[in-house]
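> Before we start, here is the structure in question, set down as structure tokens.
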Amino acid sequence: MSPGLSGFRSLALTLVAQPGPLLPQIEAELRQHGAPLRWAITQAVCRSDGRRQLTLEAMVHQPALLV
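Counting with this note's numbering, you get residues 4 to 70 for the letters of the sequence shown.
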């Protein structure tokens with residue numbers, strides 16, 4: 004990783020969506036890993052129980068901790 008990219012991380016996540024708006028659920032999931040810079044839904048599947056399973060790819064920023 005180059006010094007200019009310090010703190011940036013690429014993610015691939017699976018989210019089983021709850022009923023209701025997707026955006027708040029996606030943002031909350033991504034914030035657990037850092038500040039989302041960009042993200043995309045790369046796959047959406049309807050499970051046998053009727054819930055939506057999403058595959059997300061994202062780039063997040065995790066600020067360096069100063070010790």
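From the three backbone atoms N, C-alpha and C, an ideal C-beta is built for every residue, glycine too.
Because the structure is a prediction, the values reported are computed rather than measured.
1) On the three-state DSSP scale, how would you describe Pro66?
2) Assuming contact is defined by CB atoms lying nearer than 8 Å, are Arg41 and Ala61 in contact in what I supplied?
3) Please classify Arg34: does DSSP put it in a helix, a strand, or coil?
4) Output needed for Ile10: all residues of its chain with C-beta closer than 7 Å, excluding positions within five of it in sequence on either side, in chain order.
5) So, helix, strand or coil for Arg54, using DSSP?
Answer, in terms of the structure:
1) Indexing the sequence shown from 1 puts residue 66 at position 63. Coil at Pro66, not helix or strand.
2) Residue 41 sits at position 38 when you count from the first residue of the sequence shown. Residue 61 sits at position 58 when you count from the first residue of the sequence shown. Taking 8 Å as the Cβ cut-off, Arg41 and Ala61 qualify as a contacting pair.
3) Locating residue 34 in the sequence shown gives position 31, counting from the first residue. It is helical.
4) Start at 1 with the first residue of the sequence shown, and residue 10 comes out as number 7. In the sequence as presented, Ile is not what sits at residue 10; that position holds Gly. For Gly10, where only same-chain residues beyond five positions count, the Cβ hits under 7 Å are His64, Gln65, Pro66, Ala67.
5) The sequence position of residue 54 within the sequence shown is 51, counting from 1. Note: Arg54 maps to coil in three-state DSSP.
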